[in-house]
Ligand code: ADP
Ligand code: MG
Ligand code: MG
């Protein structure tokens, strides 16, 4: 608060007063214009109205006290500096009014150029332009003035007064058609004067008033429109998707106009200081002669590569290159730049640290370290786990003639090809035939779930990153492109159309869930080099792949920095081996469920159906050596790294055939007169064991307490396996984890039995077995102080903790209503994707603190899927856990983010 109070009610800053650190107050554009001004670069003079003024306006619906006066004072100063008055009929000063928030944000009002022109000053502008080049060019300067005026009416109408932009565009096309041309430049001063009249009529028709002639009114209306655009619907949607806070407000920049449309020696362009696609060094940009800024982006005329400017205007070109080098050195990063040349004089209109692809982010960070501009900590700070995860997916190999036919939102990454289907049922049918399919819908809903499971990828024409399709696909790890609004889906006709193509059921398409691009046909896929590197098949010291070298270097640094250890969730020796190559330092969750499946089902059925103690003991005794062998393999693979084994967790009826199937089997067998005793017994067991809420039923530790000998068999298998590995000269560090504990007594009971078995098995072999618990029931978190008395470690099961903390089951809710919760902003992101810090996270924090208070040095880890989520890793670092455990593929992401968390002591800004 003090900073704000000290600033008093200062709402307007001259460019000379700001700097690049003031983005919160001046927005990105304003802060960087100020920075460039103070570097002595050629920036047209101007001033910035702060985000505080915007917030005050939005809160009260009117400009805050003092704002009008401050704008007046700064405008006067600008007029003095320029030697011209705003909209002066004889010799007008013109300005641009530009929005610019903390984060660049499509959907907000952008820019109005040429503010200050009216029916009289347009004549003054022509004279002004003509005066400086002599009489001969006055025809050209008339043209320039009317061109500028028509642009003002068009931009002002569209962005300030919401006049539909197409109407202006149609009128412009019409004027060109009348003239028999496709090029704006063929319109002369008279044509443009006529166009201004047409534009004014369009303006009046839609707004019910004449185009404002008073320059100061134009300025004030434009400023107000920028403020209001913060709350435009598209801006709100965009913020929600990108998780940008809703209360930042936008700044407004008022900048003296310079003119790129004064003739062939003028122009405008954009440039990058490095290739934002690959990170390669060089000159990347586009230039358009005789044009004003918006023409470059609008694609009205064809731009030329920036290198051409060397021929057109060598002086400006070399000055621009010098400035670009200076900006890179100053920002120590890739910059993007907007500039204009007015009759051979270069002006800088914008710069910012440029957006880049995931690959470029790593490559550039590595290069900047080499160039001595940043250190490795800074390089680590500048990349993130989401980018790394992107680089680990296979990619489409696009060096053929594949051109995207549509572009939507990259809603769930990956590269998928398959035959197009339009219904869930058809997806299931074709998938059953072994075909890979892409489910195409306008939007998906819960009825599409089976189809989504069957499909290789999902493509929708509506909806954003938080639509049903997007949320469910991410939950399933499936490739998804949503909101590809270029495609027109016709489900009844089983086809879609896109840019003149018709795609019918069965045709093959390819979708890229990272870029959102859609291709016709099957695009070949290349594996990720980054994965090859992690797997050990690409040597970072030998490859000349700049990306692999950069990833290697930054990962190595992350490993030296991080405090959190990274383990993996792996149930088999093969998974464990792969995860170790990815850098896992142990297994944080080895599920034992699969050890009851496959050809062991029969033994499990015997166990469940056991009529006597002896039957049950027999069944368990038969399972024991099989499980022991599973553990031997895993312990060998992990070679002395810790392995946390979770005792059996799911309800036992999950191991039996479904009720309907059994009922049919029994009926059929009876019909045939076969012996159905066993089937009937199974059916009865299934009926008996039916649960309304299996997730909250007889599972986890409850099974161990109810079924004699079950946990004992598992504990024995673990201990015997560890001893066997040790006897063979290896090392094994098992940690036995009891699931679903809610009360210390549960754990004590299991532990007492387990310790007896362990002591008996281990003898003097030197093997040490820890016993700990999952913390996944809210009550366990809240009584962690008691539970810690009986536990040698805690492992947070944040999936269950999230389900039970919120009281919903993931399988039921992700498809049913999450989209609505995301839309309403109840969630910023699904709590299964990223930990809910305030609620579920609070349970983790309480348990960590109280557990450690009761037992100093208590080992703490997490084994839910959150262990591989970037934001969640930062949270677990903050809370002081010892390790995170995640799926093998996520291990590198967790390593990177754990390193980043360790160096980011202050609030991070990785956006
Ligand atoms: P955006 O955020 O959409 O890039 P800008 O505010 O940067 O919007 O404006 C778009 C373009 O308008 C700029 O790149 C520049 O070419 C042009 N422009 C803005 N202000 C001026 C000015 N004062 N003089 C000349 N051109 C300008
Ligand atoms: Mg811009
Ligand atoms: Mg669980």
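In our numbering, the protein residues as written are 211 to 1121. No residue lacks a Cβ here, since even glycine has one placed at the ideal position from N, Cα and C.
Counting only the same chain and skipping the five closest in sequence on each side, list residues whose C-beta sits under 8 Å from that of residue i.
i: residue 513; result: 479, 496, 497, 498 and 506
i: residue 617; result: 694, 696, 725, 726, 727 and 728
If distances are taken between C-alpha atoms only, which option among the options comes closest to residue i?
i: residue 723; options: 553, 373 and 619; result: 619
i: residue 613; options: 714, 569 and 720; result: 720
i: residue 633; options: 244, 700 and 643; result: 700
i: residue 484; options: 574, 1060 and 1055; result: 574
i: residue 275; options: 315, 500, 1098 and 220; result: 220
i: residue 532; options: 569, 481 and 609; result: 481
i: residue 987; options: 1074, 969, 453 and 576; result: 1074
i: residue 470; options: 692, 1101 and 357; result: 357
i: residue 967; options: 921, 953, 976 and 450; result: 921
i: residue 989; options: 759, 669, 1047 and 954; result: 954
i: residue 441; options: 268, 1069 and 254; result: 268
i: residue 688; options: 702, 1102, 893 and 660; result: 660
i: residue 364; options: 354, 382, 334 and 625; result: 382
i: residue 234; options: 314, 300 and 979; result: 314
i: residue 635; options: 625, 1034, 663 and 227; result: 663
i: residue 738; options: 229, 952, 564 and 602; result: 602
i: residue 403; options: 354, 554 and 730; result: 354
i: residue 1016; options: 265, 757 and 1049; result: 1049
Would you list the one or two residues that DSSP bridges to residue i?
i: residue 711; result: 708
i: residue 946; result: 855 and 981
i: residue 716; result: Note: residue 716 sits in no beta bridge, so no partner.
i: residue 647; result: 629
i: residue 474; result: For residue 474, which the question treats as bridged, DSSP gives no partner whatsoever.
i: residue 616; result: 728
i: residue 264; result: Looking at the DSSP assignment, residue 264 forms no beta bridge with any residue, so it has no partner.
i: residue 722; result: 625
i: residue 1093; result: 775 and 1071
i: residue 800; result: 855
i: residue 690; result: 622 and 668
i: residue 578; result: Residue 578 pairs with nothing; no bridge assigned.
i: residue 303; result: 296
Within its chain, find whatever has a CB closer than 6 Å to the CB of residue i; leave out the 5 residues flanking it on each side and keep chain order.
i: residue 343; result: In this prediction, residue 343 has a pLDDT of 46, which is less than 50 and means its spatial position is unreliable; what the coordinates show is noted afterwards. Hits under 6 Å: none found.
i: residue 787; result: 847
i: residue 1044; result: 1079, 1081 and 1082
i: residue 348; result: Note that residue 348 scores a pLDDT of 48, beneath 50, so its modelled location is shaky; the value from the coordinates is reported in the next line. Around residue 348: 340.
i: residue 351; result: 336, 339 and 340
i: residue 520; result: 527
i: residue 284; result: 222 and 257
i: residue 1103; result: 595, 598, 599 and 1078
i: residue 534; result: 483
i: residue 1107; result: 595, 1080 and 1083
What residue range does the beta strand (DSSP E) around residue i cover?
i: residue 312; result: Careful: residue 312 lies outside any beta strand (DSSP E) and carries neither H nor E.
i: residue 555; result: 555-563
i: residue 491; result: 491-499
i: residue 156; result: Here the chain comprises residues numbered 211 to 1121, so residue 156 is not present and cannot be evaluated.
Between which two residues does the alpha helix (DSSP H) harbouring residue i extend?
i: residue 478; result: Residue 478 -> not in any alpha helix (DSSP H); beta strand (DSSP E) instead, spanning 477-484.
i: residue 552; result: Residue 552 -> not in any alpha helix (DSSP H); beta strand (DSSP E) instead, spanning 545-552.
i: residue 972; result: 954-972
i: residue 281; result: 277-292
Spatial neighbours of residue i within its chain, please: C-beta separation below 7 Å, excluding the five flanking residues on both sides.
i: residue 346; result: Residue confidence is low: residue 346 scores 40 on pLDDT, short of 50, so the model does not pin down where it sits. Its coordinate-derived value is still stated next. There are no such residues.
i: residue 396; result: 389
i: residue 690; result: 621, 622, 667, 668, 679, 680, 683 and 723
i: residue 550; result: 468, 470, 478, 503, 557 and 559
Segment contact flag, the region 456-465 with the region 257-272, C-beta cutoff 8 Å, min 3 pairs
With a cut-off of 8 Å on Cβ pairs, the region 456-465 is in contact with the region 257-272, counting three or more such pairs.
Are the region 428-441 and the region 362-374 touching by the rule of at least three beta carbon pairs closer than 8 Å?
Counting Cβ pairs under 8 Å, three or more are found: they touch.
With a cut-off of 8 Å, do at least 3 Cβ pairs link the region 789-802 to the region 887-899?
The answer is no - the region 887-899 does not touch the region 789-802, with fewer than three Cβ pairs under 8 Å.
Counting pairs of Cβ atoms below 8 Å between the region 293-301 and the region 242-257, do you hit three or more?
Segments in contact, no.
Touching or not, the region 924-931 and the region 832-847, by the rule of three or more beta carbon pairs under 8 Å?
With a cut-off of 8 Å, the region 832-847 and the region 924-931 count as touching, because enough Cβ pairs lie within range.
Answer yes if the region 850-862 comes into contact with the region 899-917, meaning at least three C-beta pairs across the two stretches below 8 Å, and no otherwise.
The region 899-917, when compared against the region 850-862, does touch it at the 8 Å Cβ threshold.
Count the C-beta pairs between the region 410-426 and the region 519-528 that are closer than 8 Å, then say yes if the count reaches three, no if not.
The region 410-426 is not in contact with the region 519-528.
Between the region 946-963 and the region 992-1005, do at least 3 Cβ pairs fall closer than 8 Å?
With the cut-off at 8 Å, the region 946-963 and the region 992-1005 touch.
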